[in-house]
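Let me begin by presenting the structure, written as structure tokens, before commenting on it.
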């Protein structure tokens, strides 16, 4: 009988694999966004989501969540920065409680 030495096994094979599919609550924590954001991504088809028959809720594919989060961060970084001419809104005196 041939026994393989443990020294030849790659260290990466012993690391636990991350789940491919996440529940709705796990997806919220993973992405760091609100439930309405996940719902919007799901309706637009930006993330891969399935209705779980066994659990009764939505499950999301981890890679599509990460891709959508990266795309949203890219869009946020590329938006134009307001110049010094932009004024902030002030409360008008008519609406103040004094």
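In the UniProt record's numbering, the protein residues as written are 1 to 98. Don't be surprised by glycine CBs; every beta carbon is placed ideally from N, CA and C. Bear in mind the structure is a predicted one, so any value in this text is a computation, not a measurement.
If contacts are defined as beta-carbon pairs under 8 Å, then residue i and residue j qualify, I think. What distance do you get, rounded to the angstrom?
i: residue 62; j: residue 23; result: Residue 62 to residue 23, Cβ: 11 Å. No contact.
Short check: CB of residue i to CB of residue j, under 8 Å?
i: residue 50; j: residue 59; result: yes
Out of the options, which has the shortest C-alpha to C-alpha gap to residue i?
i: residue 37; options: 52, 68, 76; result: 68
i: residue 32; options: 79, 70, 78; result: 70
i: residue 72; options: 26, 35, 46, 53; result: 46
i: residue 48; options: 78, 29, 74, 39; result: 39
i: residue 41; options: 52, 27, 53, 79; result: 27
> At what residue ranges does the stretch 28 to 93 contain a whole run of the alpha helix (DSSP H), taking only runs of 4 or more?
Replying inline: 35 to 44, 62 to 78
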